[in-house]
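All remarks here apply to the structure that follows.
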Amino acid sequence: MSITGRTKLYGIIADPIGHVRAPMLFNALFAERGVDAVMVPFHVKPEKLKAWADGLRATENFGGIVITVPHKLEIAKLCDELGTAGRLIGAINALRRDPDGRLVGDMFDGKGFVAGMRHQGFEVTGKRVLLLGAGGAARAIAFELAAEGCEKLTIQNRTPAKAEEL
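For the numbering used here, count along the sequence shown from 1 and bump the result up by 950.
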């Protein structure tokens, strides 16, 4: 792989970052398909998130980033625009930089979960669903299950108030 000034930069942001595997997967796909791009891991502490996001706005060859714990909620507040799921959930797991420097984010965890269920032969439309947990991923999954027309969604969580809030 040869990195030049024209190489599109993608990344994954987390704190901590040592456990992430996305760069290995994406970089192999970029190379296999002849895409002039690279994905790198970014270790960003929560208190530095705004400064880091501001730097992305100025980086012309930055394409986008995957967002993981603990940044999904806070980085959504720094976006110039949010997709429907990101706006309603208040969290994002993907962000792109538009040519004008605007940061646009959205949440795809729920779509991926529902697509996985369908791939396994389970259709959510018209079904009753029990969701265990009320954290960030559960928020996205609950939103997508509702959007896809599940008949009833029951949420159980160790902290009942969080389940009720969701």
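The C-beta atom is built at its ideal place from N, Cα and C for all residues, glycine as well. Since we're looking at a predicted model, the values are computed, not measured.
- A direct Cα-to-Cα measurement between L999 and P1020 gives close to 10 Å.
- In this structure, the straight-line span from the alpha carbon of R1046 to that of G1055 is close to 6 Å.
- Ranked by how close their Cα comes to the Cα of Y960, the residues F1012, R971, E982 have F1012 in first place.
- A1035 counts as buried, since at least 16 other C-beta atoms from the protein chains shown sit within 10 angstroms of its C-beta.
- If you look at P1110, you'll find it in the alpha helix (DSSP H) that goes 1110–1115.
- Of the other Cβ atoms in all chains shown, fewer than 16 fall within 10 Å of the Cβ of G1066; this residue is therefore exposed.
- A residue is called buried once 16 or more other Cβ atoms fall within 10 Å of its Cβ, and E1094 is buried on that count.
- M989 carries a strand assignment under DSSP once its states are collapsed to helix, strand and coil.
- DSSP lists A1044 as the beta-bridge partner residues of D1056.
- Annotation: the continuous alpha helix (DSSP H) that includes R1007 extends over 999–1007.
- Between the beta-carbon of F980 and that of V988 there is about 7 Å, and that keeps the pair under the 8 Å contact cut.
- Membership of T1034 in any beta strand (DSSP E) is not indicated; the residue belongs instead to the alpha helix (DSSP H) covering 1034–1039.
- Nearest Cα to D1048 within the set E1098, A1008, R983: A1008.
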